[in-house]
Amino acid sequence: MNPPSPHHRWPQRAAGDAPGLGYGADYNPEQWPREVWPQDIRLMREAGVTVVTLAVFSWARLEPAEGRWDFGWLDEVMDLLHEAGISVDLATATASPPPWLAERHPEILPVNASGQTLWPGGRQHWRPTSPVFRAYALRLVEKLATRYGGHPALAAWHVNNELGCHNVHDYSDDAARAFRTWLRARYGTLDALNHAWSTSFWSQVYGDWQQILPPRLAAAPVNPTQQLDFKRFSSDALKDHLRAERDLLRRLTPDIPVTTNFMVMGGGQDAMDYADWAAEVDFVANDHYVVPGPQALDELSFSANLTSGIAGGRPWFLMEHSTSAVNWQQVNVAKRPGELARDSLLHVAHGADAVCFFQWRQSAGGAEKYHSAMVPHAGADSDVFRAVTALGRTLADLAPVAGSVRRPARAAILFDWESWWTAELDSHPTSRLRYRQEALDWYSAFLDLGVRADVITTRADLTGYDLVVAPVLHVVPRALADRLTAFAEGGGHLVTTYFSGIVDENDHVWLGGHPGALRDLLGIRVEEMAPLLDGESVPLDDGGTGTLWTDRVKVTDPSVSVVASYAAGDLAGGPAVTRRPLPGGGSATYVSTRLGPQGLGPLLARLLDAAGIRGDLPAEVAGEVELVVRTDGGGDFWFLVNRTDRPVQVPLGAGKLLVGEQAPAEGGDTGAVLLAPRGVAVVRHER
Ligand code: GAL
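Residue numbers 6 to 692, in the numbering used here, belong to the letters of the sequence shown in order.
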């Protein structure tokens, strides 16, 4: 897990007056006539709502013209919520600038790589590095902090919204200036930059900082280290905006915790290095939306698990997810019965102490009118609202879970934003590699075997883990190679895959044969990478099948055993999976091809055996049920999540059922938990 942030402060009032889990939504009263507000409040109470996020996109209503402020409506809404015992996570409203600002200062508008301006009409049309935007935004933040800092409903500040959702990569002149400043701080001298960027290649040697640009659309692929540094810079530029708002808030309202909603989720949101951002907020908040597909549920679990990892294992806040369909996918699938609660509770299992939706009331107009909500178009007399209300009761029953932490597993998957960014740059052996997918495939294999695994980042302490899988760990600076070596030499079992250990922090290849940084540890040498064409596959002699990638692997250390070999084609007889045992009882395993979620199962089972790791659930339900454990001083909470569409029974043992249904006990047995299709149960085990 990430080292815990020194600033962790949970919003005390997020769960209302009583200690417990928070429950709520983004609430947009400004989109509705005043008469609807009391009805909203009544339904919120009926649903068990304890906290709402307000004013996310309200700038144009709060400051309808420059310097003209209108807080009356927000005062009233804050008071109404307070009277109803509902707390407020108040947004700083800076996410979407009002029309007058873009009209007066078009220089705040972002520019894409082709030099086209991104115009107003949508949202988040501002340059992260614009000093003009920053000044206007901070003025608004100051107004809100001064006005509402002492309001009794205020539980937390919500900086901006999903920083970088639409504007992370800005190629404007402001960005160019800020990029140069960032590069000077990183490299100090142009010589150092020229070296890091390998600028002798293609005649790119820089003689003046002014010559350096963001990676704008060019005639040929742009320098890869320039691209990588621009990704690092873009993440930092938004982090800088977060800090600017946060610092002002901390100065004006030191007692109110500050957060912003991250986007740890599937679907390609790779631009913000949240492992790096986590230490900037008082508590981690995340948004998650399900992308339909065979691994959709595993992906939710993976994201929640990773969010817990970057939060240092401490409780975090699920700021947004959906009650049913979203509006921004190609086909927006409605959730099936049970999924609303299951998805929410799976986040809680992985450490969420607050469960919020986008949004409270489904809008009648605007771009998101087909996005689900707690109160749908159909109104409160609807299955969605009934499911919402039922979930409110379940969360209230789970009050004792609040404040408990996720119990670490013995196995972990290492996830690294730098490797994600770099492994997917252009001009590589294949353009088909998907970094997050490989990590998710390993995670699915763990789930299918019924074995818990944490998703951690390269900042995490590896002590305590017996098995660490580092899929496509492409960027391995010397210090990371040393840490991984120390882990394996200290008795840990390390597994890594194709395209790992290839480059250093400057995206320079470690020479002498791949995977340069980990070659000695693995006891192998790859002379050539040999990716496969679409549709091509290679059989392995253990019955497995490789796709996407192969390597021409040579064993260099006689102690290495070949776990599986290629069984056909040019590579026939060559090692596909190797394992080097280490004197301290640990090992280093290399997997040179993509085996996919199912294909990884048999291999992972052997790796787990060697590491002495077993699942905690009986074999007959392993794979059908995901187990996540949260723990407090007195015992453990076992979250049992049915991954199937069938009912499943899990023995209850000595546990006490907090949520879920108990199957009748027969004879002397202690009974079983009956999980409905897609159902969740929570069992308390006292210590
Ligand atoms: C998020 C955003 C919300 C809403 C939601 C829809 O990106 O923060 O405002 O747009 O997606 O799924």
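Yeah, the Cβ is synthetic: ideal placement off N, Cα and C, and Gly gets one too.
The distance from the Cβ of residue 635 to that of residue 642 is about 4 Å, consistent with a contact at the 8 Å cut-off. Collapsing the DSSP output to three states places residue 91 in coil. Three or more beta-carbon pairs separated by less than 8 Å link the segment 583-603 to the segment 495-504, which places the two stretches in contact. Fully enclosed beta strand (DSSP E) runs of no fewer than 3 residues occupy 290-292 and 321-325 of the segment 277-348, in order along the chain. Residue 128 and residue 525 have their alpha carbons spaced roughly 50 Å apart. Residue 590 carries a coil assignment under DSSP once its states are collapsed to helix, strand and coil.
The segment 134-142 and the segment 211-220 do not touch, with fewer than 3 CB-CB distances between them shorter than 8 Å. Under the rule that a run must span 4 or more residues, the alpha helix (DSSP H) segments found entirely inside the segment 51-103 read 64-67 and 77-88. Between the segment 478-488 and the segment 322-335, the count of Cβ pairs shorter than 8 Å is below three; the stretches do not touch. Judged by DSSP in its simplified three-state form, residue 559 adopts strand. Where residue 425 is concerned, there is no enclosing beta strand (DSSP E), although the alpha helix (DSSP H) around it starts and stops at 422-428.
Residue 622 places its beta carbon less than 7 Å from that of residue 455. Residue 339 is positioned such that its CB atom lies no closer than 7 Å to that of residue 349. Annotation: residue 374 is outside any beta strand (DSSP E) and is labelled neither H nor E by DSSP. For residue 460 against residue 235, the beta-carbon gap comes to about 26 Å, at or over 8 Å, which does not count as contact.
Of the residues assessed, residue 493 falls on the buried side of the cut-off, its CB having 16 or more other CB atoms within 10 angstroms. Taking a C-beta distance under 7 Å as the contact criterion, residue 150 and residue 257 qualify as a contact pair. Separation of residue 617 and residue 611 (C-alpha to C-alpha, rounded to the nearest whole angstrom) is 10 Å. Per DSSP, the unbroken alpha helix (DSSP H) holding residue 188 starts and ends at 178-192. Fully enclosed alpha helix (DSSP H) runs of no fewer than 4 residues occupy 440-454 of the segment 426-456, in order along the chain. At the C-beta level, residue 28 and residue 59 stay beyond 7 Å of one another.
Cβ-Cβ separation between residue 662 and residue 599: approximately 41 Å, too far for a contact (criterion under 8 Å). In this structure, the CA atom of residue 564 is about 56 Å from the CA atom of residue 17. Residue burial is scored here from C-beta neighbours: residue 384 has fewer than 16 other C-beta atoms within 10 angstroms and is therefore classed as exposed. The beta-bridge partner set that DSSP reports for residue 643 consists of 634 and 688. If you draw a straight line from the Cα of residue 396 to the Cα of residue 147, it is about 37 Å long. Relative to the non-hydrogen atoms of the ligand GAL, the Cβ of residue 363 comes within a distance shorter than 6 Å of at least one. By the neighbour-count criterion, in which a residue is buried when 16 or more other Cβ atoms sit within 10 angstroms of its Cβ, residue 533 is exposed.
Contact between the segment 192-203 and the segment 82-98 is not established, with fewer than three Cβ pairs separated by less than 8 Å. Residue 585 and residue 527 do touch by the CB rule: their CB atoms are close to 6 Å apart, below 8 Å. Shown here, residue 365 sits in coil according to DSSP, grouped into three states, outside any helix or strand. Using a 10 angstroms sphere on the CB of residue 39, the tally of other CB atoms stays under 16, which defines it as exposed. By the 16-neighbour rule on beta-carbons within 10 angstroms, residue 387 is exposed. Within the segment 590-626, the complete alpha helix (DSSP H) runs of at least 4 residues fall at 601-616. The three-state secondary structure of residue 566, taken from DSSP, is strand.
CA-to-CA, the gap between residue 561 and residue 555 works out to about 18 Å.
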